[in-house]
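Here this note's numbering runs 18 ahead of the position in the sequence shown, where the first position is 1. Glycine residues also receive a C-beta, built at the ideal position from the N, C-alpha and C atoms. Since the structure is predicted, the reported quantities are computational estimates derived from the model, not experimental observations.
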Amino acid sequence: FPSHDNAAKTTVQFRGRVDYPSDNISPEGQFLTINGRHVSFFVNERRICYSGIQQDCSDILRSIISTFVPECTTTNIQTSNVLVDVNYDYMVFSECIKDLCKKCGFDAYIDDDLDVHFFEANSIFNENEAIAEGDNFLSTSEQGNDDYYEKTRVTCIGQDDSGLPIIYRDWE
19 FPSHDNAAKT
29 TVQFRGRVDY
39 PSDNISPEGQ
49 FLTINGRHVS
59 FFVNERRICY
69 SGIQQDCSDI
79 LRSIISTFVP
89 ECTTTNIQTS
99 NVLVDVNYDY
109 MVFSECIKDL
119 CKKCGFDAYI
129 DDDLDVHFFE
139 ANSIFNENEA
149 IAEGDNFLST
159 SEQGNDDYYE
169 KTRVTCIGQD
179 DSGLPIIYRD
189 WE
C-alpha cells in the first residue's frame with residue numbers, strides 16, 4: 019500500500035501493510051488515522067541462529083541477511099571496523115541488528131526497497147523528515163501489542179512546515 023503526497027502524487031510517504039484505519043473527529047478537525055507496518059515488517063518473523071568470533075559487525079550483518087533474509091539487499095552497509103563475538107540462538111532479526119548496532123556504535127534501518135542501511139551513529143543528518151517535540155510533534159497514541167512476538171508498538175505523528183504528516187513507528 020503506497021501513500022502519495024497529495025500535491026504532486028509522486029512522492030511515496032509509506033509502503034507496507036495497512037492494519038486498520040480509524041476515523042477520528044476532534045476539535046482540530048476530522049482525521050483519518052491509519053495504523054500499519056512498513057514493507058519490512060516480515061523480518062520480525064525471522065529467527066536467527068548464527069555464531070561468529072572476532073568478525074566485523076558489518077560482515078556479520080551481511081552474512082545474516084544473505085542466509086536468513088535474502089529478500090533484503092546490503093548495498094548501504096558500511097564497514098564498522100569493530101570485531102566482535104556473537105552467538106545468536108533463535109533470535110529475532112531486528113534484535114540481532116540492535117545488538118550489532120550497540121556493539122559497534124552504528125544505526126540501522128531498512129528502506130522501502132528492502133535495502134538495509136548500516137552506518138555510524140549520528141553520521142547522517144536528516145533535515146527533512148524528523149519529528150521534533152515543540153516544533154512539529156502532534157501526538158503519541160495507540161500504544162499496544164504488536165501481533166509478532168509480543169512487541170510493543172509506538173506511533174508518533176507530526177507534521178512538516180506545509181502540514182504534511184510525518185509518522186514515526188518504533189517497536190520495543
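- Segment contact, 8 Å Cβ cut-off, at least three pairs: the region 103-118 with the region 55-68: yes
- Message: Please classify residue 54 as buried or exposed, where buried requires at least 16 neighbouring CB atoms within 10 angstroms.
- Response: buried
- Rounded distance between the beta-carbons of residue 124 and residue 75, thought under 8 Å: 7 Å
- Quick one: what's got a C-beta closer than 7 Å to residue 129's C-beta in the same chain, skipping five residues either side? 135
- Query: Quick one: any contact between the region 35-50 and the region 73-93, if contact means 3 or more CB pairs under 8 Å?
  - Reply: no
- Message: Per the DSSP calculation, residue 57 is bridged to which residue(s)?
- Response: Answer is none; residue 57 lacks a bridge partner.
- Query: Looking only at C-alpha atoms, which of 41, 105 and 139 sits nearest to residue 71?
  - Reply: 105
- Item | Proximity below 8 Å, CB of residue 133 to CB of residue 91 | yes
- Task: Work out the CA separation of residue 50 and residue 94 for me, nearest whole Å.
- Result: 34 Å
- Task: Measure from the alpha carbon of residue 87 to the alpha carbon of each residue in 68, 101, 98 and 96, then state which is nearest.
- Result: 68
- So, using beta-carbon positions, are residue 102 and residue 122 closer together than 8 Å? yes
- Task: Measure the beta-carbon distance from residue 96 to residue 138 and round it to whole angstroms, keeping in mind my assumption that it falls under 8 Å.
- Result: 7 Å
- Quick one, are the C-beta atoms of residue 109 and residue 142 less than 8 Å apart? no
- Does any CB atom of chain D fall closer than 8 Å to the CB of residue 86? The structure shown contains no chain D; it holds only a single protein chain.
- Task: Could you tell me the boundaries of the alpha helix (DSSP H) in which residue 82 lies?
- Result: 75-86
- Task: Return the first residue and the last residue of the alpha helix (DSSP H) that residue 132 is part of.
- Result: No alpha helix (DSSP H) contains residue 132, which DSSP labels as neither H nor E.
- Item | residue 95, enclosing beta strand (DSSP E) - first and last residue | 91-95
- Going by beta carbon distance, what residues of the same chain come within less than 6 Å of residue 35, once the five residues before and after it are set aside? 54 and 55
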